[in-house]
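S.K.:
There are 2 protein chains.
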Amino acid sequence: MRESGKGLVTVAVEKEIRRGRTNVRANVRQIPGPCAHWNDQDADFIRETLDLVGDKWSVLIIGTLSDGPVRYSDLAYAIPGISQRMLTLTLKQLQRSGLVDRTAYAEVPPRVEYSLTALGKSLLTTVLELAAWSADRQTEIRRHQDTYDTRNA
Amino acid sequence: MRESGKGLVTVAVEKEIRRGRTNVRANVRQIPGPCAHWNDQDADFIRETLDLVGDKWSVLIIGTLSDGPVRYSDLAYAIPGISQRMLTLTLKQLQRSGLVDRTAYAEVPPRVEYSLTALGKSLLTTVLELAAWSADRQTEIRRHQDTYDTRNA
DNA sequence: CTGAATCCGCATTGATACTG
DNA sequence: CAGTATCAATGCGGATTCAG
Numbered sequence: 002m003r004e005s006g007k008g009l010v011t012v013a014v015e016k017e018i019r020r021g022r023t024n025v026r027a028n029v030r031q032i033p034g035p036c037a038h039w040n041d042q043d044a045d046f047i048r049e050t051l052d053l054v055g056d057k058w059s060v061l062i063i064g065t066l067s068d069g070p071v072r073y074s075d076l077a078y079a080i081p082g083i084s085q086r087m088l089t090l091t092l093k094q095l096q097r098s099g100l101v102d103r104t105a106y107a108e109v110p111p112r113v114e115y116s117l118t119a120l121g122k123s124l125l126t127t128v129l130e131l132a133a134w135s136a137d138r139q140t141e142i143r144r145h146q147d148t149y150d151t152r153n154a
Numbered sequence: 002m003r004e005s006g007k008g009l010v011t012v013a014v015e016k017e018i019r020r021g022r023t024n025v026r027a028n029v030r031q032i033p034g035p036c037a038h039w040n041d042q043d044a045d046f047i048r049e050t051l052d053l054v055g056d057k058w059s060v061l062i063i064g065t066l067s068d069g070p071v072r073y074s075d076l077a078y079a080i081p082g083i084s085q086r087m088l089t090l091t092l093k094q095l096q097r098s099g100l101v102d103r104t105a106y107a108e109v110p111p112r113v114e115y116s117l118t119a120l121g122k123s124l125l126t127t128v129l130e131l132a133a134w135s136a137d138r139q140t141e142i143r144r145h146q147d148t149y150d151t152r153n154a
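Here you go:
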C-alpha cells in the first residue's frame, strides 16, 4: 500500500498553523466519525482485498478456475483481451495471497496448471454474490447512468 | 469501458492467418470455455461494477454514508488521505450510477449533503460481506504473502 | 463551503520481442 | 508451452489555483 499519509484536512490544518493559528478544528460541530462498520485499520485491509479482487482480471481468472485446474495457455484462450503480461502478473498476485495454486509438471513441453485453493474458493463464493448483485441491478444502474448523462449533455 | 477488443489469442490467430494458415484452432483439445458462472456479456458488467466499487475510495465513501446524510466537507474529514479531486470525482461516479443522492441546500454558505440511495444501501450490504470475508481471512492471507515473499527474497 | 480547472508525476497496462 | 524483458502510452491521482 502506497500510503500518501496526509490528505485534504491535514494539509489545510497545517496551513492554518503556519499562519499562526492553532486549535483550528476545536469548536467545529460534531466530527462525523470515519465509518460505523470498520476502523481505519480494517479499512486499509478492505482496500487491499479490493485491490486484489477489484482489478481488471482477477475475478475473471478466479471464475475461470472455478471448475478445476486450467493450464496457462487455456486461461489465455478463456479470457478474451488479457495480455500475457497481465495474466502472469495477476496469477502471481493471486498465488502470493494464497488464492491460487500453481502446479508445474516436469514434462516436455512444459505444462503448468492453476487451480483455486480452499481460500480461493471461499472468495469465489463471495465474489459470486457480488456478481449476482451486479446482474440483478444491471438495468437499474444503466438507467440511472443514462438519465444522468442525458441530463448533463 | 475501454474495449481493447482483441487480446492474446486473437492476435496470435491473426498472425497465423497472415502466414497463410487457416482453421488454426480447429484440432486443438477441448476449449475450456470462458467461465461457468457468467457469459462474456455479464463479465463486462461485472467488471464495470468492480470498477465502480473496487477503486480506491468508493467503498470508504459508501461506508461513511451508511449512517445517514453527510456533508461534503465532513466526508473530507472522515476519510483520511482523500483529495478534493477524488472526493468530487468519486461522488459524481456514485451519483451517476444511482448509488448516492446529492442534495444541495440554497443557503449561504452553501450546504450539500450526500446520502445513500436504496440501491447504494443494497451495495453496502454486499460490500460488508466482502469486508467480513477480508477480516476473517486477514491473518491467513498475510501469512501466505509473507511466506511467498520470503521464499522469493 | 463546494466545488471546477489545470498541470504533472508516476504507476499501471499493453504490445512486442525474446528465452528456457 | 510458459513465461521474462523492455519500451511506450494511457490515465489515475495529487497538489494547486480559481470560481460561484
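Here the protein sequences come in this chain order: A and B.
In this text, residue positions in the first sequence follow my numbering: the first is 2, and each later residue adds one.
In this text, residue positions in the second sequence follow my numbering: the first is 2, and each later residue adds one.
A virtual CB, placed ideally from N, CA and C, is assigned to each residue, including glycine.
(1) Considering only the alpha carbon of each residue, which of A:Q85, A:L53, A:D102 lies closest to E114 (chain A)?
(2) Does the distance from the CB of T127 (chain B) to the CB of W134 (chain A) come in under 8 angstroms?
(3) Rounded to whole angstroms, what is the Cα-Cα separation between T151 (chain B) and K93 (chain B)?
(4) For the structure I just gave you, are there three or more beta carbon pairs, one from the segment 75-93 of chain B and one from the segment 36-53 of chain B, closer than 8 angstroms?
(5) Identify the contact partners of L48 (chain A) in chain B, using a Cβ-Cβ distance below 8 angstroms as the criterion.
(6) Excluding the five sequence neighbours on either side, which residues of its own chain have a C-beta within less than 6 angstroms of the C-beta of A1 (chain A), listed in chain order?
(7) Terminal residues of the continuous alpha helix (DSSP H) containing E130 (chain B)?
(8) What span of residues does the alpha helix (DSSP H) with V109 (chain B) cover, start to end?
(9) Is the segment 53-60 of chain B touching the segment 47-56 of chain A, taking contact as three or more C-beta pairs under 8 angstroms?
(10) Taking all protein chains shown into account, decide if T91 (chain A) is buried (16 or more other Cβ within 10 angstroms of its Cβ) or exposed.
(11) Using a cut-off of 7 angstroms between C-beta atoms, extract the partners of D45 (chain A) located in chain B.
(12) Apart from the five residues just before and just after R72 (chain A), which ones in its own chain have a Cβ nearer than 6 angstroms to its Cβ?
(13) Bridge partners for V101 (chain B) per DSSP, in chain order?
(14) What residues in its chain sit with their C-beta under 7 angstroms from that of N28 (chain A), if we drop five residues either side in the sequence?
(15) Tell whether a beta-carbon distance below 8 angstroms holds between R112 (chain A) and Y106 (chain A).
(16) Less than 7 angstroms between the CB of R112 (chain B) and some heavy atom of the ligand FMN, yes or no?
(17) Can S116 (chain A) and G69 (chain A) be called in contact, C-beta distance under 8 angstroms?
(18) Among A:C36, A:D75, A:K122, A:S67, which residue has its Cα nearest to the Cα of Y78 (chain B)?
(19) Would D147 (chain B) be called buried (16 or more neighbouring beta carbons within 10 Å of its own) or exposed?
(20) How far does the alpha helix (DSSP H) with I63 (chain B) in it reach, from first residue to last?
(21) On the CB-based measure, 16 or more other CB atoms within 10 Å of its CB, does R144 (chain A) come out buried or exposed?
(22) Cα separation between R26 (chain A) and L95 (chain B)?
M.R.: This is what the structure gives:
(1) A:D102
(2) Taking 8 angstroms as the Cβ cut-off, T127 (chain B) and W134 (chain A) qualify as a contacting pair.
(3) 42 angstroms
(4) no
(5) First, the amino acid is wrong: residue 48 (chain A) is Arg here, not Leu. The contacting residues are K57, V60, L61.
(6) With chain A represented from 2 up to 154, any question about residue 1 (chain A) goes unanswered, as that position is not in the structure.
(7) Here the alpha helix (DSSP H) through E130 (chain B) covers 119-152.
(8) Neither: V109 (chain B) is in no alpha helix (DSSP H) and is coded neither H nor E.
(9) yes
(10) buried
(11) Those within 7 angstroms of D45 (chain A) in chain B number zero; the least Cβ separation is about 10 angstroms.
(12) Answer for R72 (chain A): E114, listed in chain order.
(13) In the DSSP output, where bridge partners are listed per residue, V101 (chain B) has B:L117.
(14) Low confidence applies here, because N28 (chain A) scores a pLDDT of 36, under 50, leaving its location unreliable and the question unanswered by this model.
(15) Yes, these two residues count as a Cβ contact at 8 angstroms.
(16) Absent from the structure shown: the ligand FMN. Ligands present: none.
(17) yes
(18) Closest by alpha carbon: A:C36.
(19) exposed
(20) 59-65
(21) exposed
(22) In this predicted model, R26 (chain A) has a pLDDT of only 40, less than 50, meaning its place in the structure is not dependable; the value taken from the coordinates is given anyway. Distance between the alpha carbons of R26 (chain A) and L95 (chain B) is about 29 angstroms.
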